[in-house]
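Q: Please read through the structure below; I'll follow up with questions.
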Amino acid sequence: MLNLSLQSLSLGLEKKTFSSQELTKFYLERIKRHNTSLNAFISIDEDKSLLMAKKSDELIAEGRPSPLTGIPIAQKDIFCAQGWPATCGSKMLENFIAPYDATVIEKFNAAGAVNIGKTNMDEFAMGSSNETSYFGPVKNPWNLELVPGGSSGGSAAAVAARLAPAATGTDTGGSIRQPASLCGFTGLKPTYGLVSRYGMIAFASSLDQAGPMAISAEDCALMMNVMTGHDKRDSTSVERDKEDYMSQLNGSIKGLKIGIPKEFFSQGLDPSVQTLVESAIEQYKNLGAEIIEISLPNNHLAIPVYYVIAPAEASSNLSRYDGVRYGYRTKEYDDLMDMYFKTRQEGFGNEVKRRILIGTYVLSAGYYDAYYLKAQKIRRLISEDFTNAFKKCDVIMGPSAPSVAFKAGEKKEDPLAMYMQDIYTISTNLAGLPAMSIPAGFTNNLPVGLQLIGNYFSEAKLLNIAHSYQQHTDWHLQSAKGFD
Amino acid sequence: MTISKKDIEKIAHLARINISQAEAEQLEQKLIGIMSLIDKMQAVNTDNIEPMSHALDISQPLRDDVVTEFDLREKILPLAPEIEESLFIVPQVIE
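Residue numbers (our numbering), protein chains in the order written: chain F, 3 to 486; chain Y, 199 to 293.
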C-alpha cells in the first residue's frame with residue numbers, strides 16, 4: 003500500500019477497492035501516529051480533509067475522476083489554501099488563515115485531490131535543515147537525530163515516512179532537491195515560470211518555483227500535469243501550451259548525452275556521495291547514454307550571488323509584515339514606528355532577520371552597484387555557462403547535495419556551513435532551469451540523491467531520464483524503517 | 199568591504215527591525231561572515247556584462263483594465279490585529 007504509485011492509487015479508487023475517504027483516513031491515522039516524532043505537519047484538519055475526500059468519492063461515483071481525484075497530497079505551508087492556516091513556518095503568520103486559494107491549491111482542488119495537511123518548513127523557506135521553523139525542527143525519518151534538509155523539510159519527511167503519497171514543495175535555492183536527496187525520494191524543480199506563484203508566500207520572487215515531491219518520477223509527472231499552466235494572476239507565469247508530462251516517460255534514452263561538470267566533483271563533496279553518484283552515472287552509460295565532460299566555470303560564484311539576490315528580494319517581499327493588515331503585532335508599543343520595529347523584532351526568527359538585513363544592506367545607497375548590480379551581472383555569467391554546456395549535452399548530472407543528512411544542531415549557528423548545502427542546486431535557480439533529485443543509493447543507511455539538470459522547459463525529458471533509471475533500480479522504493 | 203556595528207544599526211533602522219544589544223553582538227560576527235562570502239564576487243571582471251534580473255526573457259504582460267476581484271472586505275478584515283468597522287487601526291499618526 004505505502005509504495006503504491008499515484009496511478010495505482012487512482013486505479014484502486016476507480017475500481018472501488020478503497021474509497022478516497024478510506025484512503026484519507028488511512029493517511030490521517032499515519033500522520034497521527036508518527037507526527038509527534040517527525041513534526042512534519044504544522045496543521046491537520048481531519049474534517050476538512052475528509053469532506054474533500056467525500057466530494058472526490060462522489061466524483062468517482064459519477065464516473066468523472068481525473069488522475070489525482072481522491073488522492074491525499076500534503077501541501078507545504080507556504081501555499082494559501084482557503085480556510086487553512088498558512089504560517090510559512092513563521093511566528094509572524096502563526097494565526098493567519100488563508101482567505102483564498104493559491105493557484106497550485108486551486109488546481110489540486112479542481113483535480114479532486116485531497117489536502118491532507120500543511121507541512122512544516124524553514125521560516126519563509128530560508129534554510130536547508132528545517133531548523134529555522136517557528137514550529138520546531140522536522141526530523142529525518144531515516145534517522146531521527148538528523149535533519150531532513152530544507153526548506154521543504156516537512157514535505158520531505160512526510161513523503162519519506164509515507165505519511166502522504168506525495169507532497170508539494172518550493173525551491174528557491176534547492177529547497178525541493180536537497181531534502182529529496184537527504185530523505186531519499188524524487189523531487190522536481192520546474193523551469194522558472196512554469197508553475198504559478200500566485201498565493202505562494204514570496205521569498206525571492208525571481209527564483210521561487212513550486213514543484214512536486216513524490217516517490218517516483220512517474221508520480222512527479224502526474225503532479226506536474228496538475229500543477230503547471232499559465233496564470234494571469236502571476237505576471238512571471240509563462241504562456242505556452244500545456245504539456246502532458248506522462249507522454250514521454252517511457253521513451254528510450256539510448257544516445258542520451260550526459261554532461262558531467264567537473265566543478266560538481268571537486269572539494270567539499272563527501273567521497274561516499276561521490277561514489278554513489280558516479281555509479282548512478284555509470285548505470286546510465288549501461289542504459290545507452292554517452293558521458294561528456296563539461297565545465298560550469300562560474301558555479302563557485304553561485305552561492306555569493308544568491309546571497310545578494312535572494313536576501314535583496316526577500317528584504318523587499320518581507321516588508322509587508324508590518325503588524326497592520328494581517329499577521330503578528332507586538333503587544334506593547336508607543337507609536338506606529340515602535341509598533342513596526344517591535345513587531346518585526348518579535349515576529350521574525352534569526353535567519354530571516356539576517357537575510358532581511360543583508361538584503362537591505364546590498365540595496366542601500368552606495369552599495370547597490372558593488373553588490374546588487376554586480377550579482378546580477380555574475381548571474382548572467384552563471385546562466386551562460388549552462389547555455390554553453392547544453393550545446394554539448396542533453397542533460398547535466400551530478401550530486402544534489404554535498405553530503406548525506408547531517409546532525410540536527412550541527413550547522414544551525416553557522417550560516418556559512420549551512421549555505422554550502424546548496425552548492426550544487428543554487429546555480430539552476432539563478433539560471434531558471436529545471437532540475438530533479440532522484441534516489442541513487444545509500445551510504446551508512448542514509449539516502450543519496452542524483453541531480454539531473456535540463457534545459458529550459460525540458461521537464462518531460464528529465465522525467466523520462468529519471469523514469470528510465472527507476473525502471474532499473476529500486477532505490478526510490480525504499481522507505482525509512484519504523485513507520486509501518 | 200566589511201560591515202560595522204554602525205552599518206548594522208543603520209540597516210536595522212531601514213528594515214524597521216529592533217535589534218537588542220545582545221542580538222547586535224551575535225549579528226555582527228555572522229553578517230561579517232556572510233559579507234566576506236559575498237565579497238568573492240569582487241574578483242570577477244564584469245565589464246560590459248548586461249545585468250540579469252530575471253531567468254526568462256519576458257516583459258510585463260498587459261491586461262484589460264477590468265475588475266477581476268470583487269469586494270473581499272469581509273474576508274480580509276478579520277485577519278488584521280485590530281480593526282474598527284471597515285478600518286485597520288494603528289497608533290495615532292496625525293496630531
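Glycine is no exception: its CB is placed at the ideal position from the N, C-alpha and C atoms.
Source: prediction; values computed, not measured.
Can you give the Cα-Cα distance for GLY270 (chain F) and PRO401 (chain F), rounded to whole angstroms?
A: On the first sequence, position 268 is the one that residue 270 (chain F) refers to. On the first sequence, position 399 is the one that residue 401 (chain F) refers to. Approximately 11 Å between the Cα atoms of the pair.
Q: Shorter than 9 Å from the beta carbon of GLN219 (chain Y) to some beta carbon of chain F?
A: For this step, residue 219 (chain Y) is matched to residue 21 along the second sequence. Cβ-Cβ to chain F under 9 Å: no for GLN219 (chain Y).
Q: Check the C-beta distance from ALA55 (chain F) over to GLN23 (chain F) and give it rounded, since I have them as a contact under 8 Å.
A: Translated into the one-based positions of the first sequence, residue 55 (chain F) becomes position 53. Translated into the one-based positions of the first sequence, residue 23 (chain F) becomes position 21. Rounded, the Cβ-Cβ distance is 4 Å, consistent with contact.
Q: Using a beta-carbon distance below 9 Å, is LEU238 (chain F) in contact with chain Y?
A: Here residue 238 (chain F) is taken as the residue at index 236 of the first sequence, counted from 1. The sequence shown places Thr at residue 238 (chain F), not Leu. Judged by the 9 Å Cβ criterion, THR238 (chain F) is in contact with chain Y.
Q: When you compare the CB of PHE286 (chain Y) with every CB in chain F, is at least one pair closer than 9 Å?
A: Stepping through the second sequence from its first residue, residue 286 (chain Y) is reached at position 88. Chain F, which has a Cβ nearer than 9 Å to the Cβ of PHE286 (chain Y), makes this yes.
Q: By the criterion of Cβ-Cβ separation under 7 Å, what are the contact partners of ALA213 (chain Y) in chain F?
A: Locating residue 213 (chain Y) in the second sequence gives position 15, where the first residue counts as 1. Against ALA213 (chain Y), the close residues of chain F are SER317, ILE358, LEU359 and THR362, in the order they occur along the chain (beta-carbon pairs closer than 7 Å).
Q: Opposite LEU452 (chain F) in the DSSP bridges: which residues?
A: For the purposes of this step, residue 452 (chain F) is taken as the residue at position 450 of the first sequence. According to DSSP, LEU452 (chain F) bridges with F:PRO401 and F:ILE440.
Q: Hey, how far is the Cα of ILE384 (chain F) from the Cα of MET128 (chain F)?
A: By one-based count along the first sequence, residue 384 (chain F) stands at place 382. By one-based count along the first sequence, residue 128 (chain F) stands at place 126. Roughly 22 Å separates the two Cα atoms.
Q: According to DSSP, THR172 (chain F) sits in a beta bridge with which residue or residues?
A: Here the question's residue 172 (chain F) lines up with position 170 in the first sequence. F:ALA212, per the DSSP bridge assignment.
Q: Please work out which residues of its chain come closer than 6 Å, Cβ to Cβ, to PRO441 (chain F), disregarding the five sequence neighbours upstream and downstream, and give them in chain order.
A: Here the question's residue 441 (chain F) lines up with position 439 in the first sequence. Same-chain partners within the cutoff: GLY186, PRO449, TRP477 and HIS478.
Q: Taking the Cβ atom as the reference point for each residue, do ALA403 (chain F) and GLY156 (chain F) lie within a distance shorter than 9 Å?
A: As a working mapping, residue 403 (chain F) is identified with position 401 in the first sequence. As a working mapping, residue 156 (chain F) is identified with position 154 in the first sequence. Their beta carbons are not under 9 Å apart, which means ALA403 (chain F) does not touch GLY156 (chain F) by this criterion.
Q: Anything in chain Y within Cβ reach of ARG199 (chain F), meaning under 8 Å, just list it in chain order.
A: Your numbering for residue 199 (chain F) matches position 197 in the first sequence. Those within 8 Å of ARG199 (chain F) in chain Y number zero; the least Cβ separation is about 12 Å.
Q: Let me make sure I understand the geometry here. Which of F:PHE459, F:GLY14 and F:GLY411 has the alpha-carbon closest to that of ASP246 (chain F)?
A: As a working note, residue 246 (chain F) is residue 244 in the first sequence. Considering only F:PHE459, F:GLY14 and F:GLY411, the residue with the shortest C-alpha distance to ASP246 (chain F) is F:PHE459.
Q: Is it buried or exposed for GLN258 (chain Y), if we count other Cβ within 10 angstroms and need 16 for buried?
A: The sequence position of residue 258 (chain Y) within the second sequence is 60, counting from 1. Flag for GLN258 (chain Y) reads exposed.
Q: Could you please give the first and the last residue of the uninterrupted alpha helix (DSSP H) stretch that includes LEU418 (chain F)?
A: For the purposes of this step, residue 418 (chain F) is taken as the residue at position 416 of the first sequence. 417-421 is the extent of the alpha helix (DSSP H) around LEU418 (chain F).
Q: Bridge partners of MET202 (chain F), per DSSP?
A: Translated into the one-based positions of the first sequence, residue 202 (chain F) becomes position 200. DSSP lists F:PHE81 as partners of MET202 (chain F).
Q: List, in chain order, every chain Y residue whose beta-carbon is nearer than 8 Å to that of MET341 (chain F).
A: Indexing the first sequence from 1 puts residue 341 (chain F) at position 339. What MET341 (chain F) touches in chain Y: VAL288 and PRO289.
Q: Quick one: complete beta strand (DSSP E) runs, 3+ long, within the segment 365-415 of chain F?
A: The segment 365-415 of chain F contains these whole beta strand (DSSP E) runs: 397-401.
Q: If I'm right that VAL116 (chain F) touches SER183 (chain F) with Cβ under 8 Å, what's the distance once you round it to whole angstroms?
A: Within the first sequence, the letter at position 114 stands for residue 116 (chain F). Within the first sequence, the letter at position 181 stands for residue 183 (chain F). About 27 Å; that fails the 8 Å criterion.
Q: At what residues does the alpha helix (DSSP H) containing PHE266 (chain F) begin and finish?
A: Taking the first residue of the first sequence as 1, we reach residue 266 (chain F) at position 264. Under the DSSP assignment, PHE266 (chain F) falls outside any alpha helix (DSSP H); it carries neither an H nor an E label.
Q: Pick out whichever of F:ASP337, F:PHE266, F:ILE217 and F:ARG235 has its Cα sitting closest to the Cα of LEU260 (chain Y).
A: Taking the first residue of the second sequence as position 1, residue 260 (chain Y) is located at position 62. If we check each option's Cα against that of LEU260 (chain Y), F:ARG235 comes out closest.
Q: Ignoring anything shorter than 3 residues or poking outside the segment 67-149 of chain F, list the beta strand (DSSP E) runs there in chain order.
A: 74-78 and 116-121
Q: With a threshold of 9 Å between beta carbons, is GLY434 (chain F) in contact with chain Y?
A: Counting from 1 along the first sequence, the entry for residue 434 (chain F) is found at position 432. Answer yes: the Cβ-Cβ gap between GLY434 (chain F) and chain Y drops below 9 Å somewhere.
Q: Going by alpha carbons, who is nearest to MET229 (chain F) out of F:SER470, F:GLN211 and F:ILE217?
A: Residue numbering aside, residue 229 (chain F) sits at position 227 when the first sequence is read from its first letter. Cα-wise, what sits closest to MET229 (chain F) is F:GLN211.
Q: Closer than 9 Å, CB to CB, is THR244 (chain Y) near chain F or not?
A: Taking the first residue of the second sequence as position 1, residue 244 (chain Y) is located at position 46. By this cut-off, THR244 (chain Y) is an interface position.
Q: Against ILE292 (chain Y), what residues of chain F qualify as contacts under a CB-to-CB distance less than 9 Å, listed in chain order?
A: Reading the second sequence from its first residue, position 94 is the one you call residue 292 (chain Y). Residues of chain F with a Cβ closer than 9 Å to the Cβ of ILE292 (chain Y) do not exist; the shortest Cβ-Cβ separation is about 10 Å.
Q: Does any CB atom of chain F fall closer than 9 Å to the CB of ASP237 (chain Y)?
A: Within the second sequence, numbered from 1, the residue matching residue 237 (chain Y) stands at position 39. ASP237 (chain Y) counts as touching chain F.
Q: Would you say the segment 417-432 of chain F touches the segment 165-181 of chain F, given that touching needs at least three Cβ pairs under 8 Å?
A: yes
Q: Please report the straight-line C-alpha distance between PRO276 (chain Y) and GLY325 (chain F), rounded to a whole angstrom.
A: Along the second sequence, one-based indexing puts residue 276 (chain Y) at 78. Along the first sequence, one-based indexing puts residue 325 (chain F) at 323. Computed Cα separation, rounded: 13 Å.
Q: Would you say LYS208 (chain Y) faces chain F, with C-beta separation under 9 Å as the test?
A: Taking the first residue of the second sequence as position 1, residue 208 (chain Y) is located at position 10. Yes, contact with chain F.
Q: By Cβ distance, which residues of its chain are closer than 6 Å to ALA419 (chain F), with the 5 residues on each side in sequence left out?
A: Along the first sequence, one-based indexing puts residue 419 (chain F) at 417. Once the five neighbours on either side are set aside, the close Cβ partners of ALA419 (chain F) are LYS413.
Q: Got a sec: which bits of the segment 298-310 of chain F sit with their beta carbon under 9 Å from any beta carbon on chain Y, in order along the chain?
A: Here the close residues are ASN300, HIS302, LEU303, ILE305, PRO306, VAL307, TYR309 and VAL310.
Q: Please decide whether SER202 (chain Y) counts as near chain F, where near means a Cβ-Cβ distance under 9 Å.
A: Along the second sequence, read from residue 1 onward, the residue named residue 202 (chain Y) stands at position 4. No - not a single Cβ of chain F is within 9 Å of the one on SER202 (chain Y).
Q: What residues in the segment 375-400 of chain F have a beta carbon less than 7 Å from any beta carbon of chain Y?
A: Residues of the segment 375-400 of chain F that bring their beta carbon within less than 7 Å of a beta carbon in chain Y comprise LEU375, LYS376, ALA377, GLN378, LYS379, ILE380, ARG381, ARG382, LEU383 and SER385, in sequence order.
Q: Which ranges does the alpha helix (DSSP H) cover as unbroken runs of at least 4 residues, wholly within the segment 219-274 of chain F, from first to last along the chain?
A: Correct list: 219-229.
Q: Can the beta-carbon of ALA42 (chain F) be found closer than 9 Å to that of VAL140 (chain F)?
A: For the purposes of this step, residue 42 (chain F) is identified with residue 40 of the first sequence, where counting begins at 1. For the purposes of this step, residue 140 (chain F) is identified with residue 138 of the first sequence, where counting begins at 1. Yes, the pair counts as a contact, with Cβ atoms nearer than the cut-off.
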